[in-house]
Every structure is written in structure tokens, then in C-alpha cells.
Amino acid sequence: MLLTDGGAGNAGCLFCPRKRRDAAVIAFSLPAVPTPINRLLRLHWTVRAREQKRWRELVSIARLRLPKAQRVCVDKATVTLTFISPRPSDPDARAKCVLDALVRAAFLVDDGPPHLVELRLRSQPGKSPQPLVRIAGPASIVSALFPPPVGRSKP
358 MLLTDGGAGN AGCLFCPRKR RDAAVIAFSL PAVPTPINRL LRLHWTVRAR
408 EQKRWRELVS IARLRLPKAQ RVCVDKATVT LTFISPRPSD PDARAKCVLD
458 ALVRAAFLVD DGPPHLVELR LRSQPGKSPQ PLVRIAGPAS IVSALFPPPV
508 GRSKP
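The sequence shown lines up with residues 358 to 512 when you count with the working numbering.
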């Protein structure tokens with residue numbers, strides 16, 4: 358889901374660099390809860406690599422399911438990760454795989470301080486385990502015009 362800030366004073370559009378760009382809000386859910394990083398660090402490196410690849414693929418599939426107009430890269434982002442699971446969990450231990458996958462799928466420019474303004478981690482009880490992802494911030498012009506290829510790289 359992508360919403361734009363159409364309030365007063367918004368004289369620009371996404372394709373006009375001189376004027377203020379619209380703010381993007383992207384929200385989607387993923388089908389499973391990631392393995393905590395504490396547990397991953399104790400495993401063999403191939404198991405860790407397989408788990409990271411799995412999350413890159415899950416987030417890339419979520420990106421492909423969004424309409425083309427909503428496949429934007431957000432700069433100066435506020436990311437909210439809500440982990441729903443039947444048992445209490447440590448949300449910061451589960452966030453690493455999801456954040457890396459969001460960067461790799463081009464939802465975020467980077468997960469470092471200049472590009473990630475705020476990270477909110479929440480844990481909620483629920484029957485079906487799933488993470489909910491919400492990204493808010495100004496959309497990047499370049500990625501809206503030329504979305505990055507997902508899946509296959511150039512030869």
C-alpha cells in the first residue's frame with residue numbers, strides 16, 4: 358500500500374526534482390517470522406547464508422506483488438517492524454534479516470544512520486506468526502523511474 362502526502366503546500370510531484378516530493382508509506386506482511394540472530398550466529402555459515410537468502414527472496418516477492426507505482430525506494434525512512442507470534446519474542450533479534458532484505462530489495466537506500474531515521478520494533482501476540490512491515494519517508498525519484506531488477510542480474 359502506498360499513500361502520498363497530498364496536503365496543503367504540496368506543489369510538486371514525484372518527477373519534479375525542484376519541488377517537494379510526496380511522502381511514501383508502504384505496508385505489507387511477510388509469511389513467516391525470521392530466526393533470531395542469536396540462534397543464527399551459533400549455526401554453520403551455510404545455514405546463516407541460506408536463511409538470509411530466504412528472507413531476500415520473501416521480501417523481493419512482496420515487492421513484486423505491489424503495484425509498479427508503489428515499488429519505490431524510501432530515503433530518510435522510518436521503519437516499523439511488528440512481529441506477531443504465539444509466544445513472546447525478542448523483536449530486535451529478529452530484525453536483522455528483514456532489514457538486510459529490505460535494503461537488498463530496494464525498499465530502503467541503506468539501513469545505516471543517514472538513511473534510516475527511525476526503527477520501531479514491536480512484538481504482538483497472535484495465532485499466525487508473521488512480521489508486518491511499514492516504511493514511511495520521502496520516495497526516491499531514481500527508483501520510481503527505474504525500478505531495480507529483482508531476481509536476475511545482467512550478464
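Ideal Cβ placement from N, Cα and C applies to all residues, glycine included. Since the model is a prediction, treat every value here as computed from it, not as a measurement.
| Item | Value |
| --- | --- |
| Residues of its chain near V466, where Cβ-Cβ distance is below 7 Å and the 5 sequence neighbours each way are ignored | C430, D432, H472 and S497 |
| Cutoff 7 Å; reference D449; Cβ partners in own chain excluding five residues on either side | L478 |
| Pairwise C-alpha distance: P443 and I492 | 24 Å |
| For R399, three-class secondary structure by DSSP | coil |
| Closest by C-alpha distance to K484, when choosing among P445, V490 and R413 | P445 |
| Best match in V416, P488, P495 and R420 for proximity to V474 [C-alpha to C-alpha] | P495 |
| Secondary structure of P448, DSSP reduced to three states | helix |
| Distance between A434 and R461 (C-alpha atoms, nearest Å) | 15 Å |
| Residue range of the beta strand (DSSP E) that includes S442 | A434 to S442 |
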